[in-house]
Every structure is written in structure tokens, then in C-alpha cells.
Amino acid sequence: NAGVTQTPKFQVLKTGQSMTLQCAQDMNHEYMSWYRQDPGMGLRLIHYSVGAGITDQGEVPNGYNVSRSTTEDFPLRLLSAAPSQTSVYFCASSTTPGGWQETQYFGPGTRLLVL
Amino acid sequence: GNSVTQMEGPVTLSEEAFLTINCTYTATGYPSLFWYVQYPGEGLQLLLKATKADDKGSNKGFEATYRKETTSFHLEKGSVQVSDSAVYFCALSNAGGTSYGKLTFGQGTILTVHP
Numbered sequence: 001n002a003g004v005t006q007t008p009k010f011q012v013l014k015t016g017q018s019m020t021l022q023c024a025q026d027m028n029h030e031y032m033s034w035y036r037q038d039p040g041m042g043l044r045l046i047h048y049s050v051g052a053g054i055t056d057q058g059e060v061p062n063g064y065n066v067s068r069s070t071t072e073d074f075p076l077r078l079l080s081a082a083p084s085q086t087s088v089y090f091c092a093s094s095t096t097p098g099g100w101q102e103t104q105y106f107g108p109g110t111r112l113l114v115l
Numbered sequence: 116g117n118s119v120t121q122m123e124g125p126v127t128l129s130e131e132a133f134l135t136i137n138c139t140y141t142a143t144g145y146p147s148l149f150w151y152v153q154y155p156g157e158g159l160q161l162l163l164k165a166t167k168a169d170d171k172g173s174n175k176g177f178e179a180t181y182r183k184e185t186t187s188f189h190l191e192k193g194s195v196q197v198s199d200s201a202v203y204f205c206a207l208s209n210a211g212g213t214s215y216g217k218l219t220f221g222q223g224t225i226l227t228v229h230p
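Residue numbers (my numbering), protein chains in the order written: chain A, 1 to 115; chain B, 116 to 230.
This is how it looks when you write it as C-alpha cells:
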């Protein structure tokens, strides 16, 4: 099993550009989520999905879109990049949608720099 | 809403020293509590967890006890090693209301262990 994979590892964007951060998992997990990590702020939830076709907003959703057409994939789209979106982005998955006791498995992260 | 507060870092220790990283939380109901660790250049991975009051999670010599009366989940290790140098995140997940299944993180504590 590859676990949770993310691409790209690093990306530089100019303000106003759009891009998609890819996330895939091969563990047949229903629950997937996107977090951003900023210094001194821990990780904050952007969007999450409890299964294919179902997504919802987290704590900091503005400027980001998601979709979940398959169980395996959960891409994060930046519509018009802003310097405030410079961050490290982590995708995570776990077995059950309401699995509040479940371990979440994290990808290696995508480091994004917006100039 | 849910919140997690960790002790301020960074923490610098000599090898074989005793480690404590404090974590307190605010949540309704009966959350699950987690410690995640992030080694340099990697994603987060679960270190240990506890799902009900008075449970003790343990792994790789680290321990934490779920104390509902003090709303705390402090991380301890009796003798740290250089390889323990990492960022440690306390987190909670709650089954109730709109927090269902989502992780709320503390801000992270950077630990550096010197030989």
C-alpha cells in the first residue's frame, strides 16, 4: 500500500493563478480531508468528505474548492491564488466518516508558495 | 467549540532527559484525544491516542493519560533520544454536533534533543 499520496511536493504560483493539489489514498477510506499548516497555528481544516459525492466545509474554506468523484481521490483547487495561501497542505484519510476515535493517515504534504 | 492548547515551544533537551509537553483541551461531550508527531520533512503520523477518560495511550516510550477532571492529555517520555526531535501536535476529535469526526489541533511543540 502506498497510503496517502500527494502531488506536487512543492509549487510556486503567482498571485491570481489557479492550480489543483492532488491527493489519493489506496486504503479504501471513506473519510478524507485537507488541512493547511501555518507556523504557530497547528493544522486547520479546509474541507472534508465523508464519501464519494459528499463534501463539506471546514474551518478555513474560503478560496478553495473540492470534489470527490471517487473514493480514492480528493483534489483541492485553488481558484485564484493569494499570498495568504502560502502554506503547507496536508491531505488525510480515515476509515469511517464519523470515526471520531479513528486514526487519521496523513500524506507527506505539498509546500505552496504564492508570490 | 473545540480547542486545544499546547505548551509554548521550542523545547530543547539533552539526550536521556525527561520530557513533558502539556496539552489541555476544551470540548463538549467525550472527545478522543491524540498525539501526532511530525518528523522533519514528513507528514504527521499518529504517536498515541486515548478514547475515554483515564485511558493511557503509549507508544515508543511515550505516554499520555486522558484526564477529564483537568481536561488534559500531557505527553511524557522518561528518556528522550536524538531521534525524538520532531514537532508534536496534540489533537482531539469529537462525535458531537458539527465537529463530527474532525480533528482539532494544538499549535504544535518543536522538540530538539541534543547528544
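Even for Gly, the Cβ is constructed at its ideal location relative to N, Cα and C.
Closest Cα partner of residue i within the set the options
i        : options                                : result
A:Thr71  : A:Ile54, A:Leu79, A:Ala82, A:Ser87     : A:Ile54
B:Ile225 : B:Thr219, B:Ala201, B:Cys205, B:Phe177 : B:Ala201
B:Leu162 : B:Tyr145, B:Thr120, B:His189, B:Leu128 : B:His189
B:Ser187 : B:Val195, B:Gln196, B:Gly172, B:Ser194 : B:Gly172
B:Tyr151 : B:Lys164, B:Thr141, B:Thr227, B:Thr143 : B:Lys164
B:Gly144 : B:Glu130, B:Asn209, B:Asn137           : B:Asn209
A:Leu78  : A:Gly16, A:Gly58, A:Met41              : A:Gly16
B:Val195 : B:Gly223, B:Thr227, B:Gln222, B:Asn117 : B:Thr227
A:Ser18  : A:Ala81, A:Gln6, A:Leu76, A:Thr96      : A:Ala81
A:Gln101 : B:Ala142, B:Leu128, B:Phe149, B:Asn137 : B:Phe149
A:Asp56  : A:Leu76, A:Leu21, A:Gly42              : A:Leu76
Residue i to residue j span [Cα, whole Å]
i        : j        : result
A:Lys9   : B:Glu184 : 42 Å
A:Met32  : A:Ser94  : 7 Å
A:Cys23  : A:Gln104 : 14 Å
A:Phe74  : B:Ala132 : 42 Å
B:Leu134 : A:Ser69  : 45 Å
B:Val119 : A:Asp38  : 16 Å
A:Trp34  : B:Thr139 : 24 Å
B:Lys217 : A:Ile46  : 11 Å
A:Asn62  : B:Pro230 : 44 Å
A:Glu59  : B:Val197 : 35 Å
A:Gly40  : B:Ala206 : 14 Å
Counterpart residues of residue i in DSSP-defined beta bridges
i        : result
A:Arg111 : A:Phe10, A:Val88
A:Met19  : A:Leu78
B:Lys192 : B:Leu134, B:Phe177
A:Met32  : A:Ser49, A:Ser93
A:Asp73  : A:Ala24
B:Gln121 : B:Cys138
B:Tyr203 : B:Val152, B:Thr224
Residue burial classification, residue i (beta-carbon count within 10 angstroms, cutoff 16)
i        : result
B:Lys167 : exposed
A:Pro83  : exposed
B:Leu199 : Before going on, a small fix: residue 199 of chain B reads as Asp here, not Leu. With 16 or more Cβ atoms within 10 Å of its Cβ, B:Asp199 is classed as buried.
B:Thr219 : buried
A:Ala2   : exposed
B:Asn174 : exposed
B:Gly156 : exposed
B:Ser147 : buried
A:Val114 : buried
B:Tyr203 : buried
A:Tyr64  : buried
A:Gln85  : buried
A:Val12  : exposed
B:Lys192 : buried
B:Gly221 : buried
CB contact below 8 Å: residue i versus chain E
i       : result
A:Phe10 : Of the protein chains in the structure, A and B, none is chain E.
Segment contact, 8 Å Cβ cut-off, at least three pairs: the region 45-60 of chain A with the region 17-29 of chain A: The region 45-60 of chain A makes no contact with the region 17-29 of chain A: fewer than 3 CB pairs, one atom from each, lie closer than 8 Å.
contact_flag[the region 83-93 of chain A, the region 102-111 of chain A] where n(CB pairs < 8 Å) is 3 or more: yes
The region 164-180 of chain B contacting the region 118-125 of chain B, beta-carbon criterion three pairs below 8 Å: no
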